[in-house]
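Start counting the sequence shown at 10; every next residue gets the next number (my numbering). The block underneath contains the structure these notes are about, expressed in structure tokens.
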Amino acid sequence: MDVSNSSDGRHGDDEVLVGVDDGSSAFKVVYGDSNGNEVKLLVSAVVSGGALETDSAGRSVGVLFTDGEAFTVGPPVASVAAFNTANDGFHTSQAHRLLLANALSQVGVPVSKMAVGLGLPVGVAFDAAVKAQKTGNCAKDVYAGYEPRVLLERPFRLFHYAQSVGAYLSLLINPAGAENPALTGLSVAVVDIGSYTTDTVVVRNPGAGQSLILVKSLTQSAPVGVSIAVDELQAILVARFREAHKALTYERVAGALVTRTLKLFGKEHDVSSEVVAALETAFTRIKPSLTATIESAASADMVVPVGGGAVLFSEQLARLFPQNLAVHDDPLFANALGYYRFLRFAEPALATSRG
Ligand SMILES: Nc1ncnc2c1ncn2[C@@H]1O[C@H](COP(=O)(O)OP(=O)(O)OP(=O)(O)O)[C@@H](O)[C@H]1O
Ligand SMILES: [Mg+2]
Numbered sequence: 010m011d012v013s014n015s016s017d018g019r020h021g022d023d024e025v026l027v028g029v030d031d032g033s034s035a036f037k038v039v040y041g042d043s044n045g046n047e048v049k050l051l052v053s054a055v056v057s058g059g060a061l062e063t064d065s066a067g068r069s070v071g072v073l074f075t076d077g078e079a080f081t082v083g084p085p086v087a088s089v090a091a092f093n094t095a096n097d098g099f100h101t102s103q104a105h106r107l108l109l110a111n112a113l114s115q116v117g118v119p120v121s122k123m124a125v126g127l128g129l130p131v132g133v134a135f136d137a138a139v140k141a142q143k144t145g146n147c148a149k150d151v152y153a154g155y156e157p158r159v160l161l162e163r164p165f166r167l168f169h170y171a172q173s174v175g176a177y178l179s180l181l182i183n184p185a186g187a188e189n190p191a192l193t194g195l196s197v198a199v200v201d202i203g204s205y206t207t208d209t210v211v212v213r214n215p216g217a218g219q220s221l222i223l224v225k226s227l228t229q230s231a232p233v234g235v236s237i238a239v240d241e242l243q244a245i246l247v248a249r250f251r252e253a254h255k256a257l258t259y260e261r262v263a264g265a266l267v268t269r270t271l272k273l274f275g276k277e278h279d280v281s282s283e284v285v286a287a288l289e290t291a292f293t294r295i296k297p298s299l300t301a302t303i304e305s306a307a308s309a310d311m312v313v314p315v316g317g318g319a320v321l322f323s324e325q326l327a328r329l330f331p332q333n334l335a336v337h338d339d340p341l342f343a344n345a346l347g348y349y350r351f352l353r354f355a356e357p358a359l360a361t362s363r364g
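In structure tokens:
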């Protein structure tokens with residue numbers, strides 16, 4: 010596994026390991042509690058420009074500053090459009106820096122004690138320049154509050170991992186750190202269908218003590234994902250609820266895609282047939298990026314879909330891979346679990362203090 014920015018030494022026995030699948034629609038965070046059990050935290054990736062909300066005492070809430078500018082992190086404010094995080098520059102953006110600060114502040118331990126494993130799309134995850142740029146972006150100062158502003162702590166060190174590979178690691182390493190013997194000799198295709206990117210990797214495990222093989226020719230990041238289904242659904246719903254088109258924001262439609270219901274002006278509507286239609290259309294656009302890599306890999310013994318798209322497109326995926334589909338028991342947290350378990354049990358840069 011590729012690692013960058015690992016400084017010498019360790020913070021000490023109290024170093025806190027945190028796996029963060031830093032997605033464009035949500036940050037999935039995994040860390041250990043005092044008993045060593047895994048704790049999962051889902052933090053939505055919504056950030057808007059400006060200081061937007063005040064509490065009853067007139068204090069601004071949810072406000073973070075970076076580069077001297079104010080931002081509000083948290084649920085979108087109806088009248089202000091949140092930043093679009095679904096773009097190639099997300100991992101090195103102001104929005105990412107603020108969302109990371111926001112997510113880590115919710116873990117409940119000092120951020121300065123954290124070793125944090127983060128993800129990148131597989132297409133750039135092994136690119137040293139991209140990792141260095143992301144590390145630099147994560148080092149930017151972030152302040153919280155209004156006046157007086159408080160400089161937030163930075164993580165002690167960062168590790169960069171690849172999306173999808175993280176999910177594979179969650180299958181390979183169990184919560185107690187033991188390696189799953191059932192994967193020995195198998196080629197496993199992991200498909201991470203996120204909001205904006207779909208990452209496919211094929212990983213082969215030759216056996217105990219040997220390095221994992223990432224089949225490079227079968228590794229790709231495609232700029233397709235659940236957001237296509239949201240756009241489709243938005244168009245369908247605008248046609249059905251013409252009078253309410255202004256209320257059909259991206260965030261609201263994304264919610265309807267998951268719940269299959271839509272609340273408009275206090276009234277709840279069943280939109281399941283619209284959701285099914287949107288999912289089918291969207292999947293025809295996502296499918297080529299899956300089949301291009303996986304069908305040509307006759308050697309993929311298992312196909313493991315992860316990410317929110319694995320949940321939403323479960324029927325379409327089962328149809329596409331009738332022979333070798335393997336369902337992950339926590340597709341949404343798969344990457345974050347893998348980053349965390351790798352940090353805890355296998356990260357070479359942390360080996361000295363593992364004992
Ligand atoms: N349990 C769930 N059931 C159904 N849909 C879900 C579930 N969890 C998340 N989703 C939806 O799936 C989409 C993708 O979620 P995911 O967290 O995988 O994206 P992401 O990692 O933030 O995006 P990317 O990897 O492209 O940066 C989201 O739009 C979300 O609304
Ligand atoms: Mg993702």
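For every residue, glycine included, the Cβ atom is placed at its ideal position computed from N, Cα and C. Note that the coordinates shown come from a computational prediction; the quantities given were computed from them, not determined experimentally.
**Study point:** Proximal residues to ASN189 (C-beta, below 8 Å), its chain only, five neighbours per side dropped
**Key:** LEU180, LEU181, ILE182, ASN183
**Study point:** C-alpha distance - LEU352 paired with SER57, whole-angstrom precision
**Key:** 32 Å
Practice item. Taking only runs that begin and end inside the stretch 220-270, name each unbroken alpha helix (DSSP H) of 4 or more residues, in chain order. Key: 235-249, 259-268
Exercise for review: Pick helix, strand or coil for ALA309, following the three-state DSSP scheme.
Suggested key: coil
Exercise for review: Reducing DSSP to helix, strand and coil, say where PRO130 ends up.
Suggested key: coil
Exercise for review: Go through its chain and collect everything with a Cβ distance to ALA327's Cβ below 6 Å, but skip five positions before and after it.
Suggested key: LEU334
Practice item. Could you please give the first and the last residue of the uninterrupted beta strand (DSSP E) stretch that includes HIS169? Key: 166-171
Review point. Distance, Cα to Cα, SER15 vs VAL120?
Key: Per-residue confidence for SER15 stands at a pLDDT of 41, beneath the threshold of 50, marking its modelled position as unreliable; no derived number is given.
Point to revise | Rounded separation between ASP42 and GLU162 - CA only | key: 21 Å
Practice item. May I ask you to report which of helix, strand or coil DSSP gives PHE92? Key: coil
Check your understanding: Do you know whose CA, among ASP23, VAL25, VAL211, lies nearest GLY303's CA?
Key -> Correcting the residue type first, residue 303 is Ile in the shown sequence and not Gly. Selected option, being the one with the closest Cα: VAL211.
Exercise for review: In angstroms with no decimal places, state the Cα-to-Cα distance between GLY32 and ALA185.
Suggested key: 26 Å
Check your understanding: Sorry if obvious, but does the Cβ on ASP150 come closer than 7 Å to a heavy atom of ligand 2?
Key -> no
Check your understanding: Got a sec? Which residues, its chain only, sit under 7 Å from VAL52 by beta carbon, not counting five neighbours each side?
Key -> ALA35, PHE36, VAL38, ASN111, ALA112, GLN115
**Study point:** Local conformation of GLN102 per DSSP, three classes
**Key:** With the sequence shown as reference, residue 102 is identified as Ser, and Gln is not the correct amino acid for it. The answer is coil: DSSP assigns SER102 none of H, G, I, E or B.
Check your understanding: Got a sec, what are the start and stop residues for the alpha helix (DSSP H) PRO347 sits in?
Key -> A small correction: the amino acid at residue 347 is Gly; Pro does not occupy that position in the sequence shown. GLY347 -> alpha helix (DSSP H) spans 343-354.
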